[in-house]
Structures are given as structure tokens and as C-alpha cells.
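Peer 1: In UniProt numbering, the protein residues as written are 1 to 148.
Every residue gets a Cβ at the ideal spot worked out from N, C-alpha and C, and that includes glycine.
Take this structure first; my questions come after.
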């Protein structure tokens with residue numbers, strides 16, 4: 001808990017029990033680094049913590065403003081949060097399962113920089129999200145209409 005207290009203070013936030021608990025949940029999100037506010041709330045309920053959903057949203061917004069977390073709005077506008085990392089990475093989102101896969105590719109990073117320079121710009125930041133489906137998955141929905 002001392003690590004979370006230090007991180008909160010360093011970010012300029014007062015140390016409160018809800019903030020510490022929510023930060024712990026985000027840091028310990030094994031296998032699923034991207035959690036929605038509802039995911040965090042359910043985890044708190046399962047642990048017997050008395051923290052409301054509105055508090056979870058408020059704390060996550062404060063964490064985002066302080067640079068502790070990054071908010072992603074992937075397909076469908078569903079916001080998920082992940083702990084800010086020093087290492088840049090991009091994302092793939094599976095349209096069938098909703099799984100989010102993090103990846104880094106030096107060639108893609110280099111080409112993005114080159115493209116910006118070719119157009120007379122300096123690349124400052126970027127976010128790349130690839131929407132994917134498993135190879136060989138059915139290309140039509142259950143009702144027979146084609147998938148996007």
C-alpha cells in the first residue's frame with residue numbers, strides 16, 4: 001500500500017482509501033490490463049469494499065488528469081483504463097471477443113514518423129488501434145447479414 005500512497009502523492013492527489021484501492025486494482029489487473037469503471041466497481045464489490053460507482057468514475061477521471069492512467073475509447077465508445085506506462089505500445093481489438101492485445105512494432109513506429117515528416121510535420125504523439133477478427137472466422141452474422 002506504501003507504493004500506491006507514494007504514487008498518489010507524487011501525482012498531487014490526496015491519499016484516500018478509495019483511491020488506494022482503485023489504484024491497487026488497476027496495478028494488479030493480471031491478464032487484463034484494460035478495465036472499465038464497471039470492472040473496477042465489480043472488483044471492489046467482490047472484495048467487500050464500500051465504494052460507489054460514481055466514486056469510481058470520479059477517481060478514474062482524477063487519475064487520468066494526474067497522468068496515472070490512460071483512457072481508451074475503443075469501438076463502441078466503451079471507455080477502458082490502463083496504468084500509464086513509460087513504454088509506448090499500440091492496440092489490437094478483436095471484434096468477436098472484445099479482447100485487447102497490446103503490441104509494439106518498430107517498423108510501424110518508424111513509418112508513422114516518416115509519413116509525418118513527408119508531409120512537413122513532426123510526429124508528437126499517436127494512438128494506433130487495429131480492429132481485428134481471427135483468421136478464418138465467419139464473415140456473416142447469425143442473421144445472415146455480412147459483417148463489417
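Quick check: the stretch 85–96 against the stretch 125–132, are at least 3 beta-carbon pairs closer than 8 Å?
Peer 2: yes
Peer 1: Out of 121, 123 and 57, which one is the CA nearest neighbour of residue 81?
Peer 2: Among 121, 123 and 57, the Cα nearest to that of residue 81 belongs to 57.
Peer 1: Would you decide whether residue 54 is buried or exposed? Buried here means 16 or more other CB atoms lie within 10 Å of its CB.
Peer 2: exposed
Peer 1: Going by CA-CA distance only, name the one from 13, 112 and 97 that's closest to residue 104.
Peer 2: Ranking 13, 112 and 97 by Cα distance to residue 104 puts 112 first.
Peer 1: Using the three-state DSSP reduction, which class does residue 59 fall into: helix, strand or coil?
Peer 2: helix
Peer 1: I think residue 131 touches residue 95, with their Cβ atoms under 8 Å apart; what is that distance to the nearest whole Å?
Peer 2: 6 Å
Peer 1: What's the call for residue 63, buried or exposed, on a 16-neighbour Cβ count within 10 Å?
Peer 2: buried
Peer 1: Within its chain, find whatever has a CB closer than 7 Å to the CB of residue 59; leave out the 5 residues flanking it on each side and keep chain order.
Peer 2: 18, 19 and 22
Peer 1: Near residue 70, what residues of its chain come up, given a Cβ to Cβ distance below 6 Å and the 5 sequence neighbours on each side ignored?
Peer 2: 82 and 84
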